[in-house]
Amino acid sequence: MRVRQFGRVLGAVAVTTWAALVGVATPSASAQACPDVEIVFARGTGEAVGVGGVGQAFVDAVRAQAAPRTVSVYAVNYAASSNFDARDELARTVVEGIRDAGNRVQTIATTCPDTRIVLGGFSQGAVVAGFVTSSTVPDAVPASYRNAVPQPLAAEVAEHVAAVTLFGLPSPQWLGTYGSPPVVIGPLYAPKTLQLCAEGDTICDGTPGGGPSIAHALYGINGMTQQGATYAVDRL
């Protein structure tokens, strides 16, 4: 499968799957000033603005398991581009997502210190969320990008993050095919990070770059969003 088909294939599978399963719009962040829990989630490649299908399944599961605690949602604002042929532009949009997610985590930690934050992402969004936890800017980031890459979050922010849940995080082998450094979870976040890779998912299982297998589009219905929610709620 050609790389430029990545977004179209994944998008088509995801839309087909979720059109039947998700009949409501993605909820916006709660109007409540300081909820008990806030989920900061980055959607996957080619998904519509919001948290995406996998994100919505995860949000629903967290809300059900965390009740009666209040749970707000922040959808990371970035392009989730499927144009893998334009690597510079793709890298720029991923950096925008890292900055937006990091800013949101920092804002909640500062303005709502008692709110427990759950950081998560699917596919490209898992890359965004994973890099938010990094303790350093990766050495492999080209010099032309280094000034644009946000600096790591302050150490004290990690105390406010209860859990990090990553679905279908692209493997170092897959990322390396496109010149991206691997995602290295920072030491302050590693003990509370769950990475879920479905059997047969060629994006996260170490297969070199290429199009996704069907397993990559099924996290919302294969039980792993429930598993991720249980992990997160247990750490609130």
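Its first residue numbered 497, the sequence shown is counted upward by one per residue in this note's numbering. Glycine is no exception: its CB is placed at the ideal position from the N, C-alpha and C atoms.
Does the distance from the CB of residue i to the CB of residue j come in under 8 Å?
{"i": "Ile604", "j": "Ile613", "result": "yes"}
{"i": "Ala659", "j": "Lys688", "result": "yes"}
{"i": "Val653", "j": "Val601", "result": "yes"}
{"i": "Pro668", "j": "Val623", "result": "no"}
{"i": "Ala553", "j": "Thr661", "result": "no"}
{"i": "Trp670", "j": "Pro634", "result": "no"}
Return the CA-CA distance between residue i and residue j, expressed in angstroms with no decimal places.
{"i": "Gly551", "j": "Thr726", "result": "14 Å"}
{"i": "Val657", "j": "Leu684", "result": "10 Å"}
{"i": "Leu714", "j": "Val547", "result": "15 Å"}
{"i": "Asp556", "j": "Val536", "result": "14 Å"}
{"i": "Thr606", "j": "Gly598", "result": "12 Å"}
{"i": "Trp514", "j": "Glu543", "result": "Unreliable placement is indicated for Trp514, whose pLDDT of 39 sits below 50; the coordinate value is still reported in the next sentence. Their backbone Cα atoms lie some 11 Å apart in a straight line."}
{"i": "Ala625", "j": "Gln647", "result": "14 Å"}
{"i": "Gly706", "j": "Glu655", "result": "37 Å"}
{"i": "Ala562", "j": "Gln722", "result": "12 Å"}
{"i": "Leu615", "j": "Asn643", "result": "24 Å"}
{"i": "Ala560", "j": "Arg539", "result": "20 Å"}
{"i": "Val590", "j": "Gly724", "result": "23 Å"}
{"i": "Gly702", "j": "Glu534", "result": "31 Å"}
{"i": "Leu586", "j": "Leu690", "result": "26 Å"}
{"i": "Glu592", "j": "Pro564", "result": "34 Å"}
{"i": "Gly617", "j": "Val545", "result": "13 Å"}
Can you list, in chain order, the residues of its chain with a C-beta nearer than 7 Å to that of residue i? Leave out the 5 residues immediately preceding and following it.
{"i": "Met720", "result": "Phe663, Leu692, Ala694"}
{"i": "Asn718", "result": "Ala694"}
{"i": "Val637", "result": "Val645, Pro677"}
{"i": "Arg731", "result": "Ala658, Ala659, Lys688"}
{"i": "Ala525", "result": "Caution applies to Ala525, whose pLDDT of 41 falls short of 50 and renders its modelled position unreliable; the value that the coordinates give is listed next. Cβ neighbours of Ala525 beyond the five flanking positions: Ser568, Val569, Tyr570."}
{"i": "Phe627", "result": "Ile594, Val679"}
{"i": "Pro531", "result": "Thr566, Val567, Ser568, Thr611"}
{"i": "Asp697", "result": "Gly664, Ser709, Ala711, His712"}
{"i": "Cys700", "result": "Gly664, Leu665, Pro666, Ser667, Cys693"}
{"i": "Gly675", "result": "Arg583"}
Comparing the CB of residue i with every heavy atom of the ligand COA, is any distance shorter than 7 Å?
{"i": "Thr703", "result": "As far as ligands go, the structure on display features none, and thus does not contain the ligand COA."}
Between which two residues does the alpha helix (DSSP H) containing residue i stretch?
{"i": "Val624", "result": "620-628"}
{"i": "Val729", "result": "720-729"}
With a CB to CB cut of under 6 Å and the five nearest residues on each side skipped, what residues in its chain are close to residue i?
{"i": "Arg588", "result": "none"}
{"i": "Gly682", "result": "Thr629, Ser630, Ser631"}
{"i": "Asn573", "result": "Asp596"}
{"i": "Cys608", "result": "Cys530"}
{"i": "Ala686", "result": "none"}
{"i": "Val518", "result": "With a pLDDT of 37 at Val518, under the threshold of 50, the modelled position of this residue cannot be trusted; read the value that follows with caution. Taken in chain order, the residues that qualify are Gln552."}
{"i": "Gly672", "result": "none"}
Could you spell out the range, first to last residue, of the beta strand (DSSP E) harbouring residue i?
{"i": "Ile535", "result": "533-538"}
Quick check on the DSSP output: what are the complete beta strand (DSSP E) runs of length 3 or more inside the segment 636-696, in order along the chain? If we require 3 residues or more, the beta strand (DSSP E) runs fully inside the segment 636-696 come out as 657-663, 689-692.
Completely contained beta strand (DSSP E) runs for the segment 541-615, where each covers 3 or more residues: Runs of the beta strand (DSSP E) inside the segment 541-615: 567-571.
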